[in-house]
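In my numbering, the protein residues as written are 222 to 724.
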């Protein structure tokens, strides 16, 4: 019904224009179709479309384009798409509007001139293609050759046909909302502001709760891109990021901790998680929070390229602090960290807690749309450096005389044997990432990243339309067995549904 209404509206427009201009004869349906050379992509999604995969027909169509003097370098015999007018009845043949071969298209008029009636009859379903009755009109119109239908219920919306940098954070809509376990983001009207909340520090390979950290960041545009060639895809030359990070208490793992503290450590909510099936973490984040600062800078002379920087650093440095033992991950103290002989503290170091401090990433990037006029295939390349600091803290306990309970403390003061981890080799510093997105009828994307000697991959695929997705992330440490850090998870996998709403 919807398709018939669209066709009637189109016919009414052409009819009204012709009558007002020349007041001659009323054009019939065939005349309207012949006059069409382009169709708005928003309407195209409601029209019947299919790709031809029959080798013989592919070759005949390709030769027709060549004979019509279309540039050979723009033609692709393996990528032939047909667009037809909606049918009033299912038993009538299709009326073909355009045929696209690679990057070139023929209008209905060109099809009548360049293609034989028999070939058009095969493609439209008017003539039988296979079997002994080849070339004979069938009782019921059917396309009996190899073709792949493009679903009509998925129209090409503006958010799919436009060139955008981040599909899950589109810049070509007024309002947008994205919700997943990894990240939640909201676009605030036409201001260009984004408010984002995420879990994990992807820049150093610790996605989801591996880092024991969450953050909330406001993205604010600072400089409008006035380059008419790229302003649609890169609306702002400079974006600034400001926010804060906080410690989370989910997904905790204790690695071979002494029985004397195991009961207290496992008594809280930190050991109970909704996704209890997945890998746990040992690493912790700074309990006093962090500042988050960042900036994207696109080159004015070539906005597709630029530099990006992100910095996270603690608000205050922790030395000795009383803690809730249930909200921290620990590992054993086989390396025997202990208080120095002159500390005057008679307590024993029972375990070690690793705490993620400052982290940073600075890299050059480049956005590449394979065909700028048809932004279906998009790549982003990043190359630069990453940095992170992890400080070990000794855990000790003291009896509370008033409450008669045990208090736990983390400290580095006058404790021997603790380690401070930071980049040491070229692999520790290196940051490289490649991202790909396909923005066709079913938009999907994937990326591969190497940072902090951790390989991390990400994939998202649509489940329903272009509003409900499934996203997965997987990380794998590339350090050798003897060099892997005691707080790192060797491999970590997590999936999440993604809700994407745009207005």
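Glycine included, C-beta positions come from ideal geometry on N, C-alpha and C.
Go ahead and label residue 538 buried or exposed: buried means 16 or more other beta carbons lie within 10 angstroms of its beta carbon, across all protein chains shown.
exposed
Taking just the CA atoms, how far does residue 660 sit from residue 380?
Its pLDDT being 45, under 50, residue 380 is placed unreliably by the model, and the measurement read from it follows with that caveat. About 9 Å.
By DSSP's criteria, residue 551 is part of a beta bridge. Which residues make up the other side?
475
Just to confirm the assignment, what range does the alpha helix (DSSP H) spanning residue 424 have?
No alpha helix (DSSP H) holds residue 424; DSSP gives it neither H nor E.
Specify the secondary structure class of residue 465 as computed by DSSP and reduced to three states.
strand
Local Cβ density within 10 Å of residue 423, reported as buried at 16 or more and exposed below that:
buried
Looking only at C-alpha atoms, which of 365, 364, 366, 349 sits nearest to residue 207?
For the chain, the structure presents residues 222 to 724; residue 207 sits outside this window and is missing.
Taking contact to mean at least 3 C-beta pairs separated by less than 8 Å, is the stretch 337 to 349 in contact with the stretch 307 to 317?
yes
Can you look up residue 688 in the DSSP assignment and give me helix, strand or coil?
coil
Just checking my contact of residue 465 with residue 513 at CB under 8 Å: how many whole Å lie between their CB atoms?
6 Å
Per DSSP, which residues does residue 341 bridge with? Please list them.
Paired residue(s): none; residue 341 is not in a bridge.
Alpha-carbon to alpha-carbon, residue 280 and residue 675
47 Å
Can you tell which of 323, 287, 308, 318 has the C-alpha that lies nearest to the C-alpha of residue 300?
323
With distances taken Cα to Cα, identify the nearest neighbour of residue 642 among 326, 612, 400.
612
Same chain, Cβ closer than 6 Å to residue 681, five either side skipped, listed in chain order:
666, 690, 692
Shortest alpha-carbon distance to residue 428 belongs to which of 671, 685, 688, 722?
671
Restricting to Cα atoms, I'd like to know which of 304, 285, 295 is closest to residue 268.
304
Smallest Cα separation from residue 364: which of 506, 578, 575, 341?
341
For chain C, is any of its Cβ atoms less than 7 Å away from the one on residue 370?
Looking at the structure shown, chain C is missing, and only one protein chain is on hand.
Would the stretch 440 to 453 and the stretch 518 to 527 be scored as touching if the rule is three or more Cβ pairs under 8 Å?
yes
Please give the ranges of any beta strand (DSSP E) in the stretch 629 to 674, keeping only runs that are unbroken, at least 3 residues long and fully inside the region.
651 to 659, 665 to 672
Distance check for residue 368 and residue 295, CA to CA, integer angstroms please.
22 Å
Taking all protein chains shown into account, decide if residue 535 is buried (16 or more other Cβ within 10 angstroms of its Cβ) or exposed.
buried
Taking the Cβ atom as the reference point for each residue, do residue 553 and residue 477 lie within a distance shorter than 7 Å?
yes
Less than 6 Å between C-beta atoms, sequence neighbours within five positions excluded: which residues of the same chain meet that for residue 343?
350
Below 8 Å on the Cβ atoms is my guess for residue 507 versus residue 580; work out the distance and round it to an integer in Å.
Actually they do not touch by this definition, with Cβ atoms about 11 Å apart.
Give me whichever residues DSSP pairs with residue 409 in a beta bridge.
414
According to DSSP, which residues form a beta bridge with residue 326?
321
Rounding to the nearest angstrom, what Cα-Cα distance links residue 699 and residue 623 in this structure?
49 Å
Start-to-end residues for the alpha helix (DSSP H) that takes in residue 336:
Segment: none, residue 336 is in no alpha helix (DSSP H) and carries neither H nor E.
Look at residue 270 and residue 371 and say whether their C-beta atoms are less than 7 Å apart.
yes
What residues in its chain sit with their C-beta under 6 Å from that of residue 435, if we drop five residues either side in the sequence?
420, 467, 469
Where does residue 288 fall in DSSP's three states?
helix
What's the C-alpha gap between residue 598 and residue 656?
11 Å
Identity of the residue in 694, 541, 326 nearest residue 630 by Cα:
541
So what does residue 578 bridge to, in DSSP terms?
In the DSSP output, where bridge partners are listed per residue, residue 578 has none listed.
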